[in-house]
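In the UniProt record's numbering, the protein residues as written are 1 to 153. Just so it is clear, CB atoms sit at the ideal spot from N, CA and C, and this is done for glycine as well. Computed from a predicted structure; not experimentally measured. In what follows, a single structure is set out as C-alpha cells and then discussed.
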C-alpha cells in the first residue's frame, strides 16, 4: 500500500551527514550537514512548507511529502497551482503526486546521453518526423508552423 505523508516524513533521516551535488560545471560539490526542502509562494514569498533532512537524502524523498502538504492546503489563495522544480525532481513519482494534488509541475528534464530522436536538443518530445511539440491545455500541440506539420501522420 502507499505510504501516508506522516509515514514518509517519519522515515526521513534527520542527522548530519555528507551530501554531494553536481554544480553547474558538472563537478561534484560536497558538504557536511543537512538538506532543506522549501515550498515558497511566488506571490507572497511565504514559506508554505519546510523539511530538514540528512544531506544525503534524495530530493524525491523530500518532495513527495512537501507536494502533498502544499496540495492539501490548496484552498488558500496563496498556494501555488504550479510547482517549479529543478531537474533533480524529474521523476514519475513527482509528476504523479503533483497531479494527484491538483498541481502542475514545471521541471527541467534530466539530460540523457542518447535519445534516439524521441526528443529534440532541448529535451522536448518530437513527432514522427522529429518536429518538436510541447504540452498545452492538456493536449500535445506542435510548435512548428502548420505548413511544416500538415503532412505528418
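When DSSP states are grouped into helix, strand and coil, residue 4 belongs to the coil group.
Sequence-distant Cβ neighbours of residue 86 in its own chain, meaning closer than 7 angstroms and more than five residues away, are 108. Here residue 91 has 60 as same chain residues with Cβ atoms under 6 angstroms from its own Cβ, once five neighbours each way along the sequence are excluded. Taking C-beta atoms as the reference points, residue 14 and residue 21 fail to come closer than 7 angstroms.
A distance of 7 angstroms or more separates the beta carbons of residue 44 and residue 62. It is roughly 28 angstroms from the alpha-carbon of residue 68 to the alpha-carbon of residue 32. Per the coordinates, the alpha-carbon of residue 57 lies some 11 angstroms from the alpha-carbon of residue 16. For residue 19, the enclosing beta strand (DSSP E) covers residues 17 to 22.
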